[in-house]
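Have a look at the structure below, then the notes.
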Amino acid sequence: MADTSPYFFMRILDLGCGDLNELNEVTGEITAIDKKNIGTAAKHITFIQGDFFETEITEDFDLIRAHYSLCFNTREKIEKKLPQLLKHLKTGGILEIKDFHTSDQVVKKRTNLYDSWFFNLIKQIIGPYQLNDEKVFEQEHGHEHRIFILRAKKM
């Protein structure tokens, strides 16, 4: 699989962008969607306030990413709405998902994506994927989380 670093992409859709900290270093034309108003976005970022599953998307993207945001939706909503969103991923485009690993306590409060139902859904929509596990330190709460990173290239 080709390099999936978001730094070389032209058009990026970020689902649940939060405060845009991760997007500050990313170049390209970015559409960022989140329920909360993050204030003024940089010139290369178009911010849309709202639920990313309810926002009408009309353009296609080279990269669609969701970092710690899909898990705040129900399994039913993800199964129904994610395929509709991923229709806007260009052929050759990359889907990148970061979320909490099943072993992490945080998952008990959210929808568990580290599960066969989710991986099968991605396989049906996009095709083969790469899956990696990492540990990340959360500064705000002073502890580590075990996460997974899923990357898939649309064929």
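In my numbering, each residue's number is its place in the sequence shown (first place is 1) plus 1019. For each residue, glycine too, the CB sits at the ideal point set by N, CA and C. Computed from a predicted structure; not experimentally measured.
query, result
"Rounded separation between residue 1117 and residue 1082 - CA only", "14 Å"
"Exposure of residue 1077, with buried meaning 16 or more beta-carbon neighbours within 10 Å", "exposed"
"With 16 other Cβ atoms within 10 Å as the buried cut-off, status of residue 1088", "buried"
"Paired residues, beta bridge with residue 1051 - DSSP", "1033 and 1066"
"C-beta atoms of residue 1153 and residue 1168 nearer than 8 Å", "yes"
"For residue 1108, three-class secondary structure by DSSP", "strand"
"Short Cβ contact (8 Å threshold) for residue 1066 with residue 1085", "no"
"DSSP three-state assignment for residue 981, whether helix, strand or coil", "Within the shown structure, residues of the chain are numbered from 1020 to 1174, placing residue 981 beyond reach of any answer."
"Proximity below 8 Å, CB of residue 1035 to CB of residue 1080", "no"
"4-residue-minimum alpha helix (DSSP H) runs that sit fully inside the region 1068-1107, ordered along the chain", "1094-1105"
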